[in-house]
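Taking it in order: structure first as structure tokens, then the write-up.
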Amino acid sequence: MVSKNQKKLINSLYQKKYRKQHGLFVVEGKKVIKELLEAGFKLHSVYTTEANIFDCPEELMWSTTKEELKQISFLTTPQVAVALFYVPKSEEVRSEGVILVLDDIRDPGNLGTIIRLCDWFGIKDLVCSMQTVDCYNPKVIQATMGSITRVNINYLDLKDFLNSKQSNVRVFGTFMDGRSIYEEKLTENGVIVMGNEANGISSEIQELITDRITIPRFGLHKKTESLNVATATAIVLNEFKRP
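First residue of the sequence shown: 39, per the numbering used here; consecutive thereafter.
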């Protein structure tokens with residue numbers, strides 16, 4: 039049975055300020071919960087309609103009904119379990135390899151997909167602006183499908199971060215009027231900046247870009263204004279990782 043206080047805590051964690059206050063985030067679904075457990079994320083509690091499905095201490099597991107699960111789930115059709123995990127401390131950003139930077143990404147689905155892409159393409163470090171959607175938003179966690187356990191995510195002041203990188207590596211930014219990514223000589227070490235869904239890369243960050251690149255349009259009419267940021271990220275990362 040789930041108590042009133044437990045329900046209150048779980049439901050509060052759908053808001054960023056309470057995730058920050060309690061240092062906890064919500065995870066739904068057997069597969070994703072298992073991935074976080076196997077990755078060593080610290081478990082606070084798990085609520086499930088099925089017995090003995092997780093390898094965790096009994097005192098952290100609570101049996102619940104389907105009706106109770108609906109009351110603590112953000113999904114239209116709840117899965118068999120909801121868990122709370124402690125927010126882990128991020129590692130420092132590495133100085134080698136490709137670093138992906140997100141400038142004000144607002145859609146949870148886009149961020150979740152981008153985290154999965156980082157995992158797929160072996161991008162170890164993802165740097166987000168302070169205005170980018172919280173990576174521990176339940177919708178982001180759901181969209182990552184467990185990839186959040188394998189990507190180091192930091193929320194930083196982008197201006198300070200890019201200023202510290204400019205003298206050492208090239209900083210690539212995606213624009214409509216940039217040089218074709220298929221003609222650009224790409225590097226194994228560098229920074230890639232992806233901009234906001236509606237407005238692209240902000241003007242203050244544009245000033246710190248050393249290489250403006252674009253994904254050229256091949257359509258006959260060339261009237262499509264832009265690509266979805268997650269789709270564009272997939273294409274850009276594929277080119278950087280191409281042998």
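Quick reminder that beta carbons are idealized off the backbone N, C-alpha and C, glycines included.
- Per DSSP, the unbroken beta strand (DSSP E) holding phenylalanine 210 starts and ends at 209-218.
- Per the coordinates, the alpha-carbon of isoleucine 152 lies some 10 Å from the alpha-carbon of isoleucine 186.
- Counting along the chain, valine 65 sits inside no alpha helix (DSSP H); it lies in the beta strand (DSSP E) bounded by residues 62-66.
- For the set Met183, Phe79, Leu265 and His60, the Cα lying nearest the Cα of methionine 232 is the one of Leu265.
- Taken in chain order, the complete beta strand (DSSP E) segments of 3 or more residues contained in the region 152-229 are 163-166, 190-193 and 209-218.
- Excluding sequence positions up to five before and after proline 146, its CB lies within less than 7 Å of the CB of Val171, Asn175, Lys177, Val178 and Ala181, all in the same chain and listed in chain order.
- Taking all protein chains shown into account, asparagine 237 has fewer than 16 neighbouring C-beta atoms within 10 Å of its C-beta and is therefore exposed.
- Collapsing the DSSP output to three states places serine 111 in coil.
- Per DSSP, reduced to three states, the secondary structure at phenylalanine 123 is strand.
- When DSSP reads this structure, aspartate 93 sits in no beta bridge, so it has no partner.
- The distance from the Cβ of threonine 86 to that of methionine 99 is about 7 Å, consistent with a contact at the 8 Å cut-off.
- With fewer than 16 other beta carbons inside 10 angstroms of its own, glutamate 221 counts as exposed.
- Asparagine 266 carries a coil assignment under DSSP once its states are collapsed to helix, strand and coil.
- For isoleucine 48, the enclosing alpha helix (DSSP H) starts and ends at 42-50.
- For isoleucine 137, the enclosing beta strand (DSSP E) begins and ends at 136-140.
- Excluding five sequence positions before and after glutamine 109, the CB atoms of its chain that fall closer than 7 Å to its own CB belong to Lys45, given in chain order.
- In the three-state reduction of the DSSP assignment, leucine 81 falls in the strand class.
- By the criterion of at least three beta-carbon pairs nearer than 8 Å, the region 109-125 is in contact with the region 61-71.
- CA-to-CA, the gap between glutamate 96 and valine 64 works out to about 19 Å.
- For serine 241, the enclosing alpha helix (DSSP H) covers residues 241-244.
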